[in-house]
Structure formats: structure tokens, C-alpha cells
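To start, the structure under review is shown below, and the notes come after it.
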Amino acid sequence: MTILFISHRGRKKNMKLITLYLPETYIKALDQLVDERFYPNRAEAIRVAIRDMISVEVWRRKSVD
């Protein structure tokens, strides 16, 4: 399934739906971030976390080379 997402800058991005299992503690922490309005929903919090993790890993690997 492909979902069309319009970013905050108005650009369209294709997004794919994935399903994953998370420990209950992660879900509770995500819900707390959403409840405290750090993120609008769980999906956005997960997207930001994945984006940041990828950025750090790519940066770290480039600094080793």
C-alpha cells in the first residue's frame, strides 16, 4: 500500500505502509510524547525517530572512512 503524504512545505512524498511490533513500554512512551504534544501522532514520532537514526548512522559511517 502506498500512501501519499503532503509535507509541511507542500511537497508530495510517496510513503509506504509498514507494520511492526513494539514493546508496550515503547508504545506508552510514544503516547506520552503525543499527549504532551511533542508530536501530532505516533506515526510522526516514529518517522522522526527513524529519520534521525538514519542521519546519525550515515554520519557516523562517513566519519569512520
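Here the sequence shown is numbered in our numbering, starting from 1 and rising by one per residue. Ideal placement from N, C-alpha and C gives every residue a C-beta, glycine not left out. Since the model is a prediction, treat every value here as computed from it, not as a measurement.
- Apart from the 5 residues on each side of it in sequence, residue 34 sits with its Cβ closer than 8 Å to the Cβ of 40, 41, 42 and 45 in its chain, given in chain order.
- Residue 30: member of the alpha helix (DSSP H) spanning 24-35, first to last residue.
- Residue burial is scored here from C-beta neighbours: residue 30 has at least 16 other C-beta atoms within 10 angstroms and is therefore classed as buried.
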